[in-house]
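Input: a single structure, listed below in structure tokens.
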Amino acid sequence: MSVKTTYGDIRKFVNQINSCSTIEKEQEVIQKELAKIRNEFSNPKITAHDRMINSYKLVFINTLGYEVDYGMVEVITSLANSKFIYKHAGYLTFLTCYRNVPGACSLLINTMQHDLQNTKNEVICETLSTLAVISDAQIAEVVGQTVMNLAFNNNEVIVRKKALLVLKQMFKFFPSLINLEPQFIKKVELLIQKEYDLGVVQSLCKLLYEVILKDKNNGVDLKKYQCLSLSLVQIFKGLLTEPNYEITYHGVSMPWLVIVLIKLIPLICIEKREIISFQSLCEEFLQIGFTDFLFGIPSSQRDITFSIEIEIIKYSFEFEVKRLANISISLLGKLLEVNDININYLTLDLLIIACQNGFKESTKKLFAKVILLGKSFDIELKKRVIDTLFSMCDSSNVINICQVYNEMINNEDLIELKEDLIFKLCILAEKYLKGKEYVDIMMSIAFNGGNYISFELWNRTLKKLHDDQEATKYCIFLIEKLIKKSFGSDNFIELCCLILGEYGEYCEDILSLTHALILKFRFIKDSTKIRIITALMKLLKKFNSIKDLLMNICIQYQYSNNCELQQRVKECLYLLEHPSIIPIVIDSLVYKDTTEEELKTVEDKESIDEVKGTPSLKKASTIKNDDRPNVIKKQFKFNFYHSLNPNGLYEKVEIIYRKIMSLNEGIIFQDQNIQIGYRSKVIDNVVGIQLFYGNISPFPITVNIHIIVPDGLTSSLQQDNLTIESHQQINHIIQFKLNATFLEPPQLQLDYHFNSTSASVSLPLPITLLKFFKQPTQMTFSSLPEQTTIHCLLTIGQFQSLCSRYNLVFQSNDQVVETHSIIPSLGEIKIQLKFNSKELSVSSSNEQMNLDIIALILYSLQ
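In structure tokens form, the structure reads like this:
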């Protein structure tokens, strides 16, 4: 077969692949060709040329993503041929198809050792190129000496250059390679002095930098390399002061060699004269950055110049060259003003390096420019600004930096940076602040981003307050102010309660504070209510005047659906009835580091033996139940798994309640015995609910029904006793009439009995004040004297979604979204969301109704 025909066969194969319209047809062509290649490789009389052509086909097939799992022996056989064309095909195919096969590279060692001693430079270069890719410790140990001989003794520039680069690669896997040549430094010195090709010098400098850096990290004395410094400085000077247009790249002679020399020379330059010469050259080059000419040249040339200046700036900081560092910082100040995002990135990174190497004080003059960059729209640039300010921080500017961080935390567009900002704020506060300044920052963190902070950090805050009485008094003052005037997150309220429970004796107006905390019950989750009651129980030990307020709130929530809240309320009521045991049961948190035995002792002191009739006062949030009941693996509507655990039951019921509170029908409860659904209809101020009870057990069920209605509603129950046969359904109707505003939903309490088994269920019915909203035909707002406004984090989308769920028409502009509605028998309502100022306002004729509506809106959007 002729050469022309054979290469034509490759073209034909490629054309067949390109003409395939589907992946199936392509696979068919590939498999057919692989079978043909396998057949030809199995022929003992195959020619070297046919072997080469088939090797190229394998390369193409592998490039397409198909696995090539045979032919390695035939490819290695090609390497034994004396002609370069066949060796090239063999090395290329091996690198493409087989270099990742375990143990395959070791099969080439002898072949490569032989080819490195070939008289043809193209064969040597091909072998060196392969070595650069597949080198490992085993290969370097065998052929390393031969490669080193080529690097220093071969007459061809291209061979020396490639050999030096291969040595650099081998050195990473086999550092002892350099020690095999005792005259290594002498040979390097001679090569630097006599070499006329700067490409070879660049390759040599890269190798030398790796060797010297390794010795430095291992603590080896670098004086033995001092003999090279003069020659390297002279080369550096020649590149900067004597431009050679034959080696110029975008206006700079051999910029990559210049960069390598800037890294290399400081490691070995010991003589003062050489150091001064090198630093003078660096300083002269830095001055280019201060000229306006630099910003008038093409961007490619400017980028090369900046790359060199960046390396000089790094050198000035890392080697603490004070004069050069001061010039560098001034240049960085100029670069901060450049409207180029990439230059800004690099400038901020260099400022971080400066701060890490003792130039923090000098960088403070750039503080305002760094903050200005933080106002950019680029999120990555903002991240770098945050990191840079963190590096620049010390006791003199920590307050300013904390203020900048706080502004960023309050920016809704930077929500993805919030966690990192809070983390850095906590570190800075712990490291630099104390007293009132520490309290201000930590309370600000808690108010703006408490969800991102672990409970352990709040323990640290409590410990720090424990050591500073003035800071504690100031903290209590802030808590009183914020609790009374602001609406913080649940986590913030919980932190305030932790602090109040320990240091509440510093409260100036405990009754007003307690009243403010109790007013927040309508807006907060149950775990926060538990924390408030716990804090008030501790405050009761110091302030008996809050007893009545605490008693009232406990009575209000003693039948809560949440088992943990109900338990805490019962504990509190028990203490109120037995005030003599309060000092025994209520104790402060332990701040010192405790061993497991000490901690167990503390826990024993904080609990009363339940056998004696007093419930445990351990915090519900710390109780861990390891004996979890089996979960019934049956999926119900709304995709929840029903658990027999009472606490788990409450969570599932609440999930369902949130989902259906704006719907007119749905399933509100289901266990292994009974299913409860509902359908509702609103007519003026009356809601009619039809409840469906389905018996899914094999036994008849008797159901006793009791309805608990809040103040503001009245109910009429059609029937309170039902008997449901197995796999049957029964329904009855309840009507609720709206008389006044209310917050808590009506409760459906069931006691059902079957087959000598009894069970009780308490469920909230999806009837809220929002259910009675109607879209009016005309709104006057002449009689809406009461307006209530709170700060909140609602988004426009959330508010519009809420309006849609309750069929309310909303209006919006660039600052406000609002809706108008009417509640039969209660009057008109106006709801506004000012998203710029993050304010939610409700206007009506009744302040209590405003508060109830706000609470329901926040609850439904949790």
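For the sequence shown, our numbering begins at 176 and goes up steadily by one.
C-beta: ideal position from N, C-alpha, C; glycine also.
Predicted, not measured: the structure shown is a model, and the values here were computed from it.
For residue j and residue i, the rounded distance between their alpha carbons
i, j, result
"tyrosine 927", "proline 758", "42 Å"
"lysine 787", "leucine 725", "In this predicted model, lysine 787 has a pLDDT of only 32, less than 50, meaning its place in the structure is not dependable; the value taken from the coordinates is given anyway. Their Cα atoms are separated by approximately 25 Å."
"alanine 255", "cysteine 300", "16 Å"
"lysine 745", "cysteine 729", "8 Å"
"valine 178", "lysine 369", "Reliability fails at valine 178, whose pLDDT of 40 lies under 50, so the model's placement of it is uncertain and the value that follows must be treated cautiously. Going from the Cα of valine 178 to the Cα of lysine 369 covers about 46 Å."
"phenylalanine 811", "serine 987", "With a pLDDT of 28 at phenylalanine 811, under the threshold of 50, the modelled position of this residue cannot be trusted; read the value that follows with caution. Each residue's alpha carbon lies about 39 Å from the other."
"valine 322", "leucine 564", "49 Å"
"serine 310", "glycine 549", "46 Å"
"glycine 869", "glutamate 201", "60 Å"
"serine 976", "valine 984", "11 Å"
"threonine 916", "glycine 887", "5 Å"
"phenylalanine 259", "glutamate 417", "41 Å"
"threonine 703", "aspartate 684", "22 Å"
"asparagine 330", "valine 375", "12 Å"
"leucine 670", "proline 754", "26 Å"
"isoleucine 463", "isoleucine 451", "19 Å"
"isoleucine 876", "phenylalanine 867", "14 Å"
"serine 1000", "glutamine 950", "14 Å"
"asparagine 1021", "alanine 710", "31 Å"
"valine 308", "glutamate 316", "16 Å"
"methionine 567", "aspartate 467", "28 Å"
Option nearest residue i by Cα separation, candidates the options
i, options, result
"asparagine 914", "Gln904, Thr943, Leu892 and Leu925", "Thr943"
"serine 837", "Gly533, Tyr981, Leu379 and Ala210", "Tyr981"
"histidine 881", "Ile871, Gln924 and Leu653", "Gln924"
"alanine 341", "Leu352, Leu303, Glu316 and Pro350", "Per the sequence shown, residue 341 should be read as valine rather than alanine. When each option's Cα is compared against that of valine 341, the closest is Leu303."
"glutamate 655", "Leu365, Ser491, Tyr678 and Asp588", "Tyr678"
"lysine 361", "His289, Val878, Leu436 and Ser406", "Ser406"
"lysine 722", "Leu686, Tyr734 and Gln742", "Leu686"
"methionine 247", "Thr268, Cys978 and Asn237", "Thr268"
"isoleucine 434", "Glu364, Tyr384, Lys391 and Leu938", "Tyr384"
"aspartate 569", "Glu484, Met583, Leu525 and Tyr607", "Tyr607"
"lysine 347", "Leu397, Tyr1034, Asp184 and Lys389", "Lys389"
"isoleucine 518", "Glu484, Leu325 and Gln531", "Glu484"
"serine 931", "Ile965, Ile472, Phe874 and His907", "Phe874"
"glutamate 612", "Glu587, Leu589, Leu640 and Lys593", "Leu640"
Under 9 Å between C-beta atoms of residue i and residue j
i, j, result
"valine 1017", "lysine 946", "no"
"leucine 209", "valine 234", "no"
"isoleucine 707", "glutamate 739", "no"
"leucine 469", "isoleucine 487", "no"
"leucine 1026", "leucine 1015", "no"
"leucine 1038", "leucine 379", "The displayed coordinates of the chain run from 176 to 1037. Any statement about residue 1038 would go beyond what the structure contains."
"leucine 439", "isoleucine 387", "yes"
"valine 496", "glutamine 454", "yes"
"leucine 282", "isoleucine 251", "yes"
"valine 579", "isoleucine 546", "yes"
"isoleucine 353", "asparagine 296", "no"
"glutamine 922", "tyrosine 734", "yes"
"isoleucine 221", "tyrosine 182", "no"
"tyrosine 1113", "alanine 279", "Since the displayed the chain opens at 176 and closes at 1037, residue 1113 lies outside it and no answer follows."
"isoleucine 1028", "isoleucine 997", "no"
"asparagine 324", "threonine 271", "no"
Below-9 Å beta-carbon distance, residue i vs any chain C residue
i, result
"asparagine 585", "Absent from the structure: chain C. Only one protein chain is present."
For residue j and residue i, believed in contact at Cβ under 8 Å, the rounded distance
i, j, result
"alanine 691", "isoleucine 651", "Actually they do not touch by this definition, with Cβ atoms about 14 Å apart."
"lysine 667", "phenylalanine 622", "With the sequence shown as reference, residue 667 is identified as phenylalanine, and lysine is not the correct amino acid for it. That pair is a contact at about 5 Å."
"valine 936", "phenylalanine 911", "So it is not a contact: roughly 19 Å between Cβ atoms."
"leucine 414", "glutamate 364", "Contact doesn't hold; Cβ gap of about 19 Å is too wide."
"aspartate 643", "glycine 610", "6 Å"
The beta strand (DSSP E) enclosing residue i, as first and last residue numbers
i, result
"phenylalanine 911", "904-913"
"lysine 1005", "1002-1009"
"valine 1017", "1014-1019"
"arginine 213", "Arginine 213 -> not in any beta strand (DSSP E); alpha helix (DSSP H) instead, spanning 198-216."
"histidine 881", "876-883"
"glutamine 850", "849-858"
Residue range of the unbroken alpha helix (DSSP H) whose run includes residue i
i, result
"aspartate 723", "722-731"
"asparagine 896", "Per DSSP, asparagine 896 belongs to no alpha helix (DSSP H); it is in the beta strand (DSSP E), 896-899."
"asparagine 575", "573-584"
"glutamine 368", "359-369"
"glutamine 1023", "1022-1035"
Cβ-heavy atom distance, residue i to the ligand NAD, below 8 Å
i, result
"lysine 1005", "The ligand NAD is absent from the structure shown, which contains no ligands of any kind."
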